[in-house]
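Enquirer: Chains Y and P, in that order, are what the protein sequence lines are.
Under our numbering, the first sequence has 547 at position 506, and the numbering climbs by one with no breaks.
Under our numbering, the second sequence has 805 at position 109, and the numbering climbs by one with no breaks.
For glycine and all other residues, C-beta sits at the position ideal for the given N, C-alpha and C.
Just so you know, these numbers come straight off a predicted model, no measurement behind them.
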Amino acid sequence: MPSPLETAPDPQGLRRVVIEPVSRVEGHGKVTLLLDEHNRVQQARLHIVEFRGFERFIQGRPYWEVPTLVQRLCGICPVSHLLAASKACDAFVIGHARITPTAEKLRRLLHFAQVLQSNALHFFYLAAPDLLFGFDDAVAHRNVIGVLQDQRELGLQGVRIRKYGQEVIRLLTGKRVHGTGSVPGGFNKPLSTQDRALMLADIGPITDWCASAMALARDLFLKGQPEQGAFANFPSMFMSLVRPDGAGDLYDGALRVSDAQGVHVVDQFNVQGYQQLLVEEVKPWTYMKFPHLRALGPEHGWYRVGPLARVNNASYFDTPRAEAAREEFKAWNHGRPVTASLAQHWARLIDMLHCAESIAHLLQDPDIIGTDLMAKGTPLREGIGVIEAPRGTLMHHYRIGDDDLISYANLIVSTTHNNTAMNEAVRSVAAQYFDGRALSEGLLNHIEVAIRAYDPCLSCATHAVGKMPLRVELLDAQGQAVDLLLKHDDGRLERPALDAALSPSNWP
Amino acid sequence: MSLLTPPLVKAPVLVLAVGNPSRGDDAVGPLLAECLQAWLRQQPAEVQARIEVITDQQLVVEHVLDIQGRERVLLMDAAAQGEQLVLMRELQTTRPQGAGSSLNAPYPLPSPDEHTAAATSSDTGPAPTSAQLPAVLAEAASGPASGPASESAYAAPISSHAATPSQLLSWHGSLLGQTPPPTSLLTITGRGFELGAGLSDQARRGLREAWPHLLAWLQAQPSACQA
């Protein structure tokens with residue numbers, strides 16, 4: 042499909058709007074908008090500065106340390122990294138053999154708990170304020186405290202869903218944070234009947250709360266039509282894992298890539314060959330790479346991952362309430378993939394409901410309390426593990442030397458897969474809402490809402506990131522600042538005198 | 697019993713340490729927690745039963761359930777910038793009056809120089825020697841140096857998956873309808889937070905200087921450390 046990104050024939054002649062950093066996403070981000078001589082947005086660049094050092098961080102470590110070590114990459118989804126690394130490092134213990142049924146089910150249980158709690162955190166605490174109150178609601182109210190003020194029970198349900206997921210993770214890994222459980226070759230701790238009983242006691246109401254939240258997200262999206270449907274709506278391909286029969290699967294499967302019409306461009310592609318399918322383009326203005334389908338090139342081969350991709354791609358879900366929700370979702374767009382960015386939130390909660398139902402199902406499976414946890418096989422020196430993390434497809438790829446130390450590491454995290462799509466979302470929104478004259482709070486709000494729909498995982502940064510105000514600069518074709526807008530951490534806007542404000546010492 | 701049922705008996709004192717052990721000076725909170733746990737193992741069972749130590753990578757909303765029902769809470773974390781290397785502050789746990797009294801107002805953090813209960817490293821006299829420290833802390837304090845500086849941790853807006861201490865207390869009030877327990881914040885100002893970096897010299901010194909503050913906080917409350 043044609044992409045307006047990177048297509049400006051003479052980017053040096055364009056004006057630039059710089060927005061940095063982006064609020065209510067983790068870490069640091071900056072947005073640059075390039076305008077043409079008619080003040081129309083031609084290009085968007087979302088700069089994310091924290092995606093460096095992952096591979097260097099891992100290289101030289103013993104492979105058996107890696108699943109635990111990589112959890113420290115992310116404070117929100119450590120279990121996703123644990124599981125992707127475990128799957129990759131299985132090859133170093135059992136080669137091509139499969140882990141035991143009990144080990145796989147325990148890993149799935151762990152993964153469902155992780156996606157459940159992460160999706161709950163995103164919806165109740167980051168997305169709900171925008172959806173409940175509207176993008177133009179006062180910033181002082183359009184936040185989680187506003188949600189708690191207006192809908193306390195909704196906020197409490199979010200906390201309880203999150204807490205439940207965290208407790209399941211603690212019971213399975215032995216620790217609240219940075220536990221193990223999943224290890225190369227299997228799982229290192231069986232689930233006791235007592236702990237299973239604890240998990241079972243709450244899963245009924247948890248599933249009901251997830252269903253209610255999904256209905257709320259759906260209703261808010263539908264009520265927001267046609268604006269929400271048109272917001273950051275652009276055609277793209279979608280990539281996710283599916284089973285051999287096309288069912289959506291968060292833990293394992295093969296890659297399916299569908300286009301905006303729902304045609305499967307790629308299907309049942311073995312993840313072990315991901316480097317034949319994908320290529321990661323490097324650009325000089327960002328540390329983030331731009332993955333795309335090798336066969337289609339950067340202009341036409343980019344895609345989206347995450348809940349929207351999963352719901353669009355799956356032929357079905359194997360749990361009844363999530364499947365009914367998926368059918369409803371697909372019916373809204375007459376069976377075609379939904380391309381609206383804000384439908385991510387609806388899809389994310391279908392995901393969450395699927396997780397709750399899957400936890401309930403797994404806890405009833407006799408294998409889940411089995412004790413055959415470690416498999417055997419002929420070790421290999423290279424391993425690739427792919428899962429569907431909360432924000433989308435997550436790939437870990439390692440090689441080890443004869444000393445069992447990691448000699449090669451390549452990680453493609455969900456936010457990297459979504460890189461081009463997020464840029465396109467920002468460009469789309471900016472093109473729609475920039476009035477061609479001056480920066481406005483409304484424009485900033487809309488850009489942030491678009492980015493939050495993808496929930497870019499910058500949380501791999503330390504939590505000690507400090508203030509995250511917005512700094513917006515409007516630069517003319519000669520690079521001179523002609524407008525400046527500051528958004529402070531309390532939502533207060535300031536348009537300071539340019540000369541003084543442009544001094545870095547006066548930056549917020 | 698269920699995962700969502702609060703435990704019938706909670707330790708009255710909670711020490712909640714946050715930080716990423718793989719991000720340079722961000723590790724100081726978890727390291728202090730390790731140190732405290734080593735110290736607790738040498739205390740009588742009655743003392744151990746009264747203090748719970750929790751470590752997490754960052755503050756998040758469900759920590760309100762950990763705080764709920766405690767007599768006292770201490771949060772321990774790295775600060776990315778600050779005048780004092782080590783700073784102990786009492787946090788405001790009642791909603792401020794006046795213009796900022798709406799539910800939208802996170803409880804403000806006192807500035808170091810305006811809060812009478814604040815204690816800094818300069819109040820503590822000479823820092824203890826490594827010999828006075830539990831082994832885990834002495835080892836951490838002699839580790840490698842680290843990378844460049846970052847920014848402040850405690851003025852972040854409601855704009856992240858993670859919470860600031862003041863937001864957490866505010867959420868406690870909003871969600872549970874209860875005044876949070878008296879809560880203090882112990883910070884060590886770090887210099888570098890890069891992935892894979894070790895502790896900076898400054899953070900190592902901060903760990904040594906923070907330890908007596910931590911013990912003093914625990915011992916200031918008879919119920920915490922005395923059977």
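Excluding the five sequence neighbours on either side, which residues of its own chain have a C-beta within less than 7 angstroms of the C-beta of G794(P), listed in chain order?
Expert: Here residue 794(P) corresponds to residue number 98 of the second sequence, with the count starting at 1. With a pLDDT of 40 at G794(P), under the threshold of 50, the predicted position of this residue should be treated as unreliable, and no value is reported.
Enquirer: Output needed for G433(Y): all residues of its chain with C-beta closer than 7 angstroms, excluding positions within five of it in sequence on either side, in chain order.
Expert: Within the first sequence, numbered from 1, the residue matching residue 433(Y) stands at position 392. Correct list, in chain order: V346, G347, A350, S455, H458 and N459.
Enquirer: Can you list the residues of chain P that M240(Y) reaches, using a CB-CB cut of under 8 angstroms?
Expert: In the first sequence, residue 240(Y) corresponds to position 199, counting from 1. Neighbours of M240(Y) on chain P, chain order: L699.
Enquirer: Taking 7 angstroms as the CB-CB cut-off, is V705(P) touching chain Y?
Expert: Your numbering for residue 705(P) matches position 9 in the second sequence. Not closer than 7 angstroms to any Cβ of chain Y, the Cβ of V705(P) fails to qualify, so no.
Enquirer: Can at least three beta-carbon pairs, one atom from the region 774–791 of chain P and one from the region 897–907 of chain P, be found at a separation below 8 angstroms?
Expert: Because the criterion of three Cβ pairs below 8 angstroms is met, the region 774–791 of chain P and the region 897–907 of chain P touch.
Enquirer: Pull up the DSSP beta-bridge partners for A723(P), would you.
Expert: Position 27 of the second sequence holds residue 723(P). In DSSP, A723(P) forms no bridge with anything.
Enquirer: Within the chosen definition, does the region 165–173 of chain Y reach the region 114–134 of chain Y through at least 3 CB pairs nearer than 8 angstroms?
Expert: No, because fewer than three Cβ pairs between the region 165–173 of chain Y and the region 114–134 of chain Y fall closer than 8 angstroms, the two stretches do not touch.
Enquirer: Taking 7 angstroms as the CB-CB limit, is V111(Y) close to chain P?
Expert: Within the first sequence, numbered from 1, the residue matching residue 111(Y) stands at position 70. Not one chain P Cβ lies under 7 angstroms of V111(Y).
Enquirer: On the three-state DSSP scale, how would you describe G483(Y)?
Expert: Here residue 483(Y) is taken as the residue at index 442 of the first sequence, counted from 1. Three-state DSSP puts G483(Y) in a helix.
Enquirer: Taking Cβ to Cβ, would you say W913(P) is nearer than 7 angstroms to L770(P)?
Expert: The count along the second sequence starts at 1 and reaches residue 913(P) at position 217. The count along the second sequence starts at 1 and reaches residue 770(P) at position 74. For W913(P) and L770(P), yes; Cβs fall inside 7 angstroms.
Enquirer: Using the DSSP secondary-structure output, state which residues sit across from T885(P) in a beta bridge.
Expert: Taking the second sequence and counting its residues from 1, the one referred to as residue 885(P) is at position 189. Partner(s): A775(P).
Enquirer: Expressed to the nearest angstrom, what Euclidean distance is found between the alpha-carbon atoms of Q915(P) and L189(Y)?
Expert: The residue you call residue 915(P) lines up with position 219 of the second sequence. The residue you call residue 189(Y) lines up with position 148 of the first sequence. Each residue's alpha carbon lies about 36 angstroms from the other.
Enquirer: Pull up the distance between the alpha-carbon of W735(P) and that of D762(P), whole angstroms please.
Expert: What you label residue 735(P) is simply residue 39 of the second sequence in a count that begins at 1. What you label residue 762(P) is simply residue 66 of the second sequence in a count that begins at 1. If I take the Cα positions, the gap works out to 22 angstroms.
Enquirer: Let me confirm a value: S356(Y) is counted as buried when at least 16 other C-beta atoms fall within 10 Å, else exposed. Which label applies?
Expert: Translated into positions along the first sequence, residue 356(Y) becomes position 315. Burial call: exposed.
Enquirer: Just checking: is the beta-carbon of P708(P) within a distance shorter than 7 angstroms of some beta-carbon in chain Y?
Expert: Here residue 708(P) corresponds to residue number 12 of the second sequence, with the count starting at 1. No - not a single Cβ of chain Y is within 7 angstroms of the one on P708(P).
Enquirer: Please determine, among L296(Y), K324(Y), Q309(Y) and P108(Y), the residue with the shortest C-alpha to C-alpha distance to Y344(Y).
Expert: The sequence position of residue 344(Y) within the first sequence is 303, counting from 1. Among L296(Y), K324(Y), Q309(Y) and P108(Y), the Cα nearest to that of Y344(Y) is on L296(Y).
Enquirer: What residues in the region 895–908 of chain P bring their beta carbon closer than 9 angstroms to a beta carbon of chain Y?
Expert: The region 895–908 of chain P vs chain Y, Cβ under 9 angstroms: nothing.
Enquirer: For F98(Y), which residues in chain P fall below 8 angstroms Cβ to Cβ?
Expert: What you label residue 98(Y) is simply residue 57 of the first sequence in a count that begins at 1. In chain order: S718, L891 and G892.
Enquirer: Suppose only complete runs of 3+ residues qualify. What are the beta strand (DSSP E) ranges in the region 736–769 of chain P, listed by chain order?
Expert: DSSP runs (the beta strand (DSSP E)) wholly in the region 736–769 of chain P: 747–752.
Enquirer: Given 8 angstroms as the limit, is there contact between the region 72–79 of chain Y and the region 305–317 of chain Y, that is, 3 or more CB pairs closer than that?
Expert: Too few Cβ pairs lie closer than 8 angstroms, so no.
Enquirer: Please compile the residues from chain Y whose C-beta is within a distance smaller than 8 angstroms of the C-beta of S870(P).
Expert: As a working note, residue 870(P) is residue 174 in the second sequence. Here the neighbours are I186, L189, Q190, R193 and G196.
Enquirer: At a CB distance below 8 angstroms, what residues from the region 746–766 of chain P approach chain Y? Give them in sequence order.
Expert: Listed by position, the residues of the region 746–766 of chain P near chain Y (Cβ gap below 8 angstroms) are I750, T751, D752, Q753, Q754, L755, V756, V757, E758, V760 and L761.
Enquirer: Note down the Cα distance separating P740(P) from P876(P), rounded to an integer number of angstroms.
Expert: Taking the first residue of the second sequence as 1, we reach residue 740(P) at position 44. Taking the first residue of the second sequence as 1, we reach residue 876(P) at position 180. Approximately 28 angstroms, taken between the alpha carbons.
Enquirer: Check whether the Cβ of D178(Y) lies closer than 7 angstroms to any Cβ atom in chain P.
Expert: Taking the first sequence and counting its residues from 1, the one referred to as residue 178(Y) is at position 137. Taking Cβ atoms only, chain P never reaches closer than 7 angstroms to D178(Y), which makes this a no.
Enquirer: Compare the beta carbon distance of G101(Y) and L485(Y) with 7 angstroms and say whether it is the shorter of the two.
Expert: Numbered from 1 along the first sequence, position 60 holds the residue referred to as residue 101(Y). Numbered from 1 along the first sequence, position 444 holds the residue referred to as residue 485(Y). No, they are not a contact pair.
Enquirer: Please determine, among R900(P), Q733(P) and I750(P), the residue with the shortest C-alpha to C-alpha distance to V743(P).
Expert: For the purposes of this step, residue 743(P) is identified with residue 47 of the second sequence, where counting begins at 1. Taking only the C-alpha atoms, the option nearest V743(P) is Q733(P).
Enquirer: If we define contact as Cβ-Cβ less than 7 angstroms, is R201(Y) a contact residue for chain P?
Expert: Within the first sequence, residue 201(Y) is the residue found at index 160, counting from 1. Interface residue, yes.
Enquirer: Do three or more CB pairs link the region 380–400 of chain Y to the region 260–267 of chain Y at distances below 8 angstroms?
Expert: The region 380–400 of chain Y vs the region 260–267 of chain Y: in contact.
Enquirer: Taking the straight line between their C-alpha atoms, what separation do you get for T503(Y) and D721(P)?
Expert: Against the first sequence, residue 503(Y) aligns to sequence position 462. Against the second sequence, residue 721(P) aligns to sequence position 25. With a pLDDT of only 29 at T503(Y), under the threshold of 50, the placement of this residue in the model should not be trusted; the figure read from the coordinates follows. One C-alpha to the other measures close to 10 angstroms.
Enquirer: Chain P beta carbons: is any one of them nearer than 7 angstroms to that of Y315(Y)?
Expert: Position 274 of the first sequence, counted from the start, is the residue given in the question as residue 315(Y). Taking Cβ atoms only, chain P never reaches closer than 7 angstroms to Y315(Y), which makes this a no.
Enquirer: At a CB-CB cut-off below 8 angstroms, which residues of chain P make contact with K204(Y)?
Expert: Here residue 204(Y) refers to the residue found at position 163 of the first sequence. Within chain P, the residues near K204(Y) are L699, L700, E758 and L761.
Enquirer: Report the option in A466(Y), M255(Y), Y205(Y) and A256(Y) whose CA atom is closest to the CA atom of L239(Y).
Expert: For this step, residue 239(Y) is matched to residue 198 along the first sequence. Comparing Cα positions, the closest option is Y205(Y).
Enquirer: According to DSSP, what are the bridge partners of V200(Y)?
Expert: Residue 200(Y) sits at position 159 when you count from the first residue of the first sequence. Paired residues: none, contrary to the question.
Enquirer: As an exercise, report each continuous beta strand (DSSP E) stretch of at least 3 residues that is fully enclosed by the region 310–351 of chain Y, in chain order.
Expert: Listed in chain order, they are 319–322 and 331–334.
Enquirer: Can you tell me where the beta strand (DSSP E) with E429(Y) in it begins and where it stops?
Expert: Reading the first sequence from its first residue, position 388 is the one you call residue 429(Y). E429(Y) -> beta strand (DSSP E) spans E423 to A430.
Enquirer: At a CB distance below 9 angstroms, what residues from the region 212–224 of chain Y approach chain P? Give them in sequence order.
Expert: Those would be L212, K216, R217, V218 and H219, in chain order.
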